[in-house]
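Here's the structure, in structure tokens; my notes come after.
Numbering (UniProt numbering), first residue to last: 1 to 102.
Put into structure tokens, the structure is as follows:
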């Protein structure tokens, strides 16, 4: 519910006047990037994912095996990449097509 003293702004898309906070929330939702895993599940910050295939990590000289659990992912703003932390590997970025939400 909006307060009576809130500023109203004109929304060009809908052609309606609406509270400034509602318009800001609408625009933020439109700018949000939706990231899907290999099977189509929507990923969010903090999710746990499992690798669906062995991945060779460039620069680390290490291979992450299929079934490896990655905890607490972060979305990067790119619909194909997720930022992860894994022991012994700094700055790990995985492609969303190689992970499945747990």
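Every residue, glycine too, gets a C-beta built ideally from N, C-alpha and C.
Chain-order list of residues whose beta-carbon lies under 7 Å from that of residue i (same chain, five-residue window excluded)
i	result
residue 95	80 and 81
Residue range of the unbroken beta strand (DSSP E) whose run includes residue i
i	result
residue 104	Residue 104 is absent from the structure shown; the chain starts at 1 and stops at 102.
residue 85	81-86
residue 11	8-11
Residue i and residue j closer than 8 Å at C-beta
i	j	result
residue 47	residue 85	no
residue 70	residue 99	yes
Beta-carbon contacts of residue i that lie in its chain and below 6 Å, excluding the five residues immediately before and after
i	result
residue 65	54
residue 45	74 and 75
Run of the alpha helix (DSSP H) containing residue i, from where it starts to where it stops
i	result
residue 53	Neither: residue 53 is in no alpha helix (DSSP H) and is coded neither H nor E.
residue 100	Run containing residue 100: none in the alpha helix (DSSP H); it sits in the beta strand (DSSP E), 99-101.
Cβ-based neighbour list, residue i, same chain, cut-off 8 Å, excluding 5 preceding and 5 following
i	result
residue 67	50 and 51
residue 8	17, 18, 19 and 20
**Message:** Taking 8 Å as the cut-off, does the stretch 69-77 touch the stretch 30-44 (at least 3 CB pairs, one atom from each stretch)?
**Reply:** A contact between stretches requires three or more CB pairs, one per stretch, nearer than 8 Å, and the stretch 30-44 meets this requirement with the stretch 69-77.
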